[in-house]
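Chains as they are written, first to last, in the working numbering: chain A, 1 to 204; chain B, 205 to 328; chain C, 329 to 647. Before any comments, here is the structure.
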Amino acid sequence: MTSVPAILTEDQRDCYQEITNVAMGQAADSLARLLGAYVVLPIPRVSIIECSELNMALHEAGSDDSVSAVCQGFIGAGIAGEALLLFNDTSFASLASLMKYAGPLNHQAELELLMDTASVLIGACVQGLGDQLEIHFNQSHPVVLGQHCQTDDILRSGNQAWQRTLAIEIHYTIEHMNIDCELLLLFTEESVKTLNKKIDFLLD
Amino acid sequence: MNLNVLICDDSSFARKQMARALPPEWNVEVHFAGDGVEGVSAIREGKGDVVFLDLTMPNLDGYGVLETIRRDDLPAMVIVVSGDIQPDAQERVKALGAMAFIKKPIDAGKARDVLTEYGILTGV
Amino acid sequence: MTQGQIEITDIHWLMDILQNIDVGLVVLDRDYRIHLWNGFMESHSGISPQKAKDQILFSLFDEIPEAWFRQKAEPVFQLRTRTFTIWEQRPFLFRFYNSRPITGQSELMFQNTTIIPLESLDRTVNHICLIVYDVTDTAISRGEVSKANESLSAVTSKDSLTGLLNRDSWLPTLDHAIAEHRNHQQSSALLVVDLDHFRDVNRVLGHVRSDEILKRIATALSTLAQENCTARIGGELFALLLKNTESEQAIATAERLRRGIAGLTKSAGTDISASVGVAMSHDALTDAQDWLNCADKALYHAKESGKNKTTLYQYKTQE
Numbered sequence: 001m002t003s004v005p006a007i008l009t010e011d012q013r014d015c016y017q018e019i020t021n022v023a024m025g026q027a028a029d030s031l032a033r034l035l036g037a038y039v040v041l042p043i044p045r046v047s048i049i050e051c052s053e054l055n056m057a058l059h060e061a062g063s064d065d066s067v068s069a070v071c072q073g074f075i076g077a078g079i080a081g082e083a084l085l086l087f088n089d090t091s092f093a094s095l096a097s098l099m100k101y102a103g104p105l106n107h108q109a110e111l112e113l114l115m116d117t118a119s120v121l122i123g124a125c126v127q128g129l130g131d132q133l134e135i136h137f138n139q140s141h142p143v144v145l146g147q148h149c150q151t152d153d154i155l156r157s158g159n160q161a162w163q164r165t166l167a168i169e170i171h172y173t174i175e176h177m178n179i180d181c182e183l184l185l186l187f188t189e190e191s192v193k194t195l196n197k198k199i200d201f202l203l204d
Numbered sequence: 205m206n207l208n209v210l211i212c213d214d215s216s217f218a219r220k221q222m223a224r225a226l227p228p229e230w231n232v233e234v235h236f237a238g239d240g241v242e243g244v245s246a247i248r249e250g251k252g253d254v255v256f257l258d259l260t261m262p263n264l265d266g267y268g269v270l271e272t273i274r275r276d277d278l279p280a281m282v283i284v285v286s287g288d289i290q291p292d293a294q295e296r297v298k299a300l301g302a303m304a305f306i307k308k309p310i311d312a313g314k315a316r317d318v319l320t321e322y323g324i325l326t327g328v
Numbered sequence: 329m330t331q332g333q334i335e336i337t338d339i340h341w342l343m344d345i346l347q348n349i350d351v352g353l354v355v356l357d358r359d360y361r362i363h364l365w366n367g368f369m370e371s372h373s374g375i376s377p378q379k380a381k382d383q384i385l386f387s388l389f390d391e392i393p394e395a396w397f398r399q400k401a402e403p404v405f406q407l408r409t410r411t412f413t414i415w416e417q418r419p420f421l422f423r424f425y426n427s428r429p430i431t432g433q434s435e436l437m438f439q440n441t442t443i444i445p446l447e448s449l450d451r452t453v454n455h456i457c458l459i460v461y462d463v464t465d466t467a468i469s470r471g472e473v474s475k476a477n478e479s480l481s482a483v484t485s486k487d488s489l490t491g492l493l494n495r496d497s498w499l500p501t502l503d504h505a506i507a508e509h510r511n512h513q514q515s516s517a518l519l520v521v522d523l524d525h526f527r528d529v530n531r532v533l534g535h536v537r538s539d540e541i542l543k544r545i546a547t548a549l550s551t552l553a554q555e556n557c558t559a560r561i562g563g564e565l566f567a568l569l570l571k572n573t574e575s576e577q578a579i580a581t582a583e584r585l586r587r588g589i590a591g592l593t594k595s596a597g598t599d600i601s602a603s604v605g606v607a608m609s610h611d612a613l614t615d616a617q618d619w620l621n622c623a624d625k626a627l628y629h630a631k632e633s634g635k636n637k638t639t640l641y642q643y644k645t646q647e
């Protein structure tokens with residue numbers, strides 16, 4: 001197994017943050033058009049995290065409320081990872097009204113909202129990163145990790161065999177709306193080396 | 205006397221990209237600021253005749269800088285350079301007095317177009 | 329491979345591959361008219377590419393909910409982003425029937441779909457490609473896993489024939505009753521019920537009808553005790569715990585049960601009877617197993633003294 005450097009250089013971290021900033025801006029623009037609302041953009045968090053910290057990262061995102069989550073893999077040019085979108089369950093009512101979903105807000109309707117939002121947000125963000133790094137990412141089908149569950153249960157199905165890897169966390173909120181979601185991009189340990197090379201190339 | 209250009213962005217990578225995107229023949233003095241607070245004080249020192257301003261920054265964000273410029277009537281022509289490309293964001297910065305909006309990642313051709321359009325890149 | 333490098337033979341190859349690949353490919357324009365329809369789609373729908381060409385998707389397949397599909401497809405045109413649908417949302421987009429009589433496990437094909445933007449030369453998106461994946465095996469295996477999990481948890485705590493608790497999951501109820509007796513002087517009764525000469529019954533009636541008898545007894549037991557107090561603890565051995573019950577009441581219940589079981593004789597057409605051992609909760613009991621042993625001794629006594637009887641276990645008085 002290739003080892004992942006424990007820390008990124010400040011220049012690398014800065015560069016990841018900047019290209020994420022651009023990619024999430026594109027994703028926010030897509031989401032804003034879909035919802036007809038303004039998406040508040042935070043400063044993304046780029047870090048090397050230990051496997052044991054993953055749960056903690058999710059906890060910060062989901063707090064103690066029940067959450068719903070979708071995961072989608074992406075791969076291209078030797079770089080692979082998964083995007084995890086974590087929705088606070090209290091967001092669905094507002095989301096339904098913005099998306100003009102008629103009918104009862106049941107389990108099925110929430111699944112539709114979750115999938116529609118995830119498609120746009122994950123797709124645009126991953127493509128945005130790919131454009132800047134000149135990588136064409138293919139995306140696998142989304143997998144629903146759970147609806148109305150605790151953050152602890154989200155990761156239970158996976159076999160997290162990695163030690164430490166690159167994580168990018170983006171916390172999206174919608175202005176004046178109770179909509180709250182966390183997008184976490186997690187790359188495979190093996191991808192980080194290739195990714196760092198691409199970044200160093202941009203920095204030159 | 206040369207024109208003073210200020211590039212205000214929290215990312216050193218973005219600052220470098222912006223500086224590279226400036227027309228090479230443009231004879232200006234380039235200054236840098238790492239966040240909104242630094243940006244405002246640089247403008248007060250006269251280092252920001254033209255400002256390339258990012259929006260998402262710690263301490264004081266781009267909106268805050270624009271508000272300060274307007275409130276204190278600071279002499280700066282601001283071109284916002286941001287990854288936040290939502291139509292709403294563009295309208296807001298224009299309303300706050302920004303002259304133009306360029307989306308990230310910055311493109312040299314686009315920077316030249318904007319500078320030419322507003323008559324800043326004359327007499328070169 | 330840049331466009332300039334694509335030779336005519338390469339295009340033929342690509343067309344062959346599109347035709348033979350085991351996923352569905354459909355190209356649609358802004359009016360949802362079909363422009364490309366590959367072999368997979370033809371095979372499963374029975375509609376030829378010639379017939380599908382220029383048809384509006386929704387008029388050809390009325391099982392596709394138009395509003396729903398548009399909601400998934402419009403962002404692809406407008407935002408140039410890919411969208412995805414998974415079988416958990418809708419099991420299928422096209423009603424394709426199972427095409428595998430031997431290994432097929434579902435009547436209909438479960439489908440995941442991806443919708444991707446197709447750029448024209450001028451970089452506008454006027455067409456989209458709908459990619460259809462057959463995910464029947466995944467969906468079925470996932471469905472079975474949850475079904476299997478369900479039955480697994482039932483199997484581990486319950487007896488599969490009668491639905492009563494099994495011995496292991498029922499024993500804690502006894503421990504709890506012992507504690508209740510100790511702490512609150514609340515008296516409970518344990519009844520163990522064993523069918524007499526069941527081997528003969530089995531031989532005469534056969535397994536199917538014998539099992540029916542066991543099920544009827546289980547039902548009778550359930551009506552006598554609270555929930556989670558009845559169990560099948562052996563082949564033809566049942567047990568029930570009567571909470572908050574004194575010995576006379578327990579014996580009366582046991583007798584009622586014994587008579588009821590004997591009453592099955594008529595409908596079964598062969599002698600059916602049961603012996604019952606009763607043991608009351610007691611300060612001397614150490615644990616559930618201890619209590620069960622006492623009830624077993626009473627049952628043994630009932631059997632030894634002629635079967636079709638109820639016996640109450642007598643604790644030795646410690647004086």
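Quick reminder that beta carbons are idealized off the backbone N, C-alpha and C, glycines included. A quick note: this is a predicted structure, and the numbers were derived from the prediction, not measured.
Test: residue 116 of chain A CB closer than 8 Å to a CB of chain C:
yes
Could you tell me if residue 39 of chain A is buried or exposed, where buried requires 16 or more neighbouring beta carbons within 10 angstroms of its beta carbon?
buried
For residue 148 of chain A, would you say it is in contact with chain C, using Cβ-to-Cβ distances shorter than 8 Å as the test?
no
Since residue 43 of chain A meets chain B, which of its residues come closer than 7 Å, beta carbon to beta carbon?
260 and 262
Can you give me the start and stop residues for the alpha helix (DSSP H) that residue 628 of chain C sits inside?
616–632
I'd like the ranges of any alpha helix (DSSP H) spanning at least 4 consecutive residues and lying wholly in the segment 361–398 of chain C.
367–373, 377–380 and 385–388
Just the C-alpha distance for residue 464 of chain C and residue 458 of chain C, rounded to the nearest angstrom, thanks.
18 Å
Can you find at least 3 beta carbon pairs, one from the segment 134–143 of chain A and one from the segment 410–426 of chain C, that sit closer than 8 Å?
yes
Run down chain A in chain order and give the residues with a C-beta less than 8 Å from the C-beta of residue 464 of chain C.
None at all; the shortest Cβ gap to chain A is about 14 Å.
Counting contacts by CB-CB distance shorter than 8 Å, is residue 119 of chain A in contact with chain C?
yes
Selection from A/9, A/120 and A/149 that minimises the alpha carbon distance to residue 28 of chain A
A/120
Tell me residue 143 of chain A's beta-bridge partners as DSSP assigns them.
A/71
Coil, strand or helix - residue 163 of chain A by DSSP
coil
Using 8 Å as the limit for Cβ to Cβ distance, is residue 169 of chain A near chain B?
no
Residues in its own chain within less than 6 Å of residue 235 of chain B by CB, not counting five upstream and five downstream?
210, 246 and 251
Among B/320, B/313, B/309 and B/316, the one whose alpha carbon lies nearest that of residue 217 of chain B:
B/309
Per-residue burial, residue 516 of chain C [other beta carbons within 10 Å of its own, 16 or more giving buried]
buried
Any C-beta of chain C under 8 Å from that of residue 104 of chain A:
no
What would DSSP say about residue 522 of chain C, mapped onto helix, strand or coil?
strand
CA nearest to the CA of residue 554 of chain C, picked from C/583, C/562, C/592 and C/505:
C/505
Please list the partners that residue 33 of chain A has in chain C, where partner means a Cβ-to-Cβ separation under 9 Å.
403, 406 and 407
Quick check on residue 560 of chain C: does DSSP put it in helix, strand or coil?
strand
Check whether the Cβ atoms of residue 329 of chain B and residue 254 of chain B sit closer than 8 Å, and answer yes or no.
Not covered by the structure: residue 329 of chain B. The range shown for chain B is 205 to 328.
Which of the three DSSP states is assigned to residue 420 of chain C in this structure?
coil
Please report whether the beta-carbon of residue 141 of chain A lies at a distance below 8 Å from any beta-carbon of chain C.
yes
Can at least three beta-carbon pairs, one atom from the segment 584–595 of chain C and one from the segment 542–560 of chain C, be found at a separation below 8 Å?
yes
Going by CA-CA distance only, name the one from A/18, A/86 and A/153 that's closest to residue 259 of chain B.
A/18
Are the segment 315–324 of chain B and the segment 334–344 of chain C in contact at 8 Å, needing three or more beta carbon pairs?
no
Quick check on residue 452 of chain C: buried or exposed, where buried means 16 or more other Cβ atoms within 10 Å of its Cβ?
exposed
Is the segment 173–182 of chain A touching the segment 298–306 of chain B, taking contact as three or more C-beta pairs under 8 Å?
no
Confirm, please, whether the CB-CB distance from residue 105 of chain A to residue 118 of chain A is below 8 Å.
no
Strand pairing of residue 182 of chain A, partner residues [DSSP]
A/86 and A/171
Residue 265 of chain B versus residue 25 of chain A: straight-line alpha-carbon distance, rounded:
15 Å
Beta-carbon separation of residue 195 of chain A and residue 20 of chain A under 8 Å?
no
Environment of residue 580 of chain C [buried if 16+ CB atoms lie within 10 Å]:
exposed
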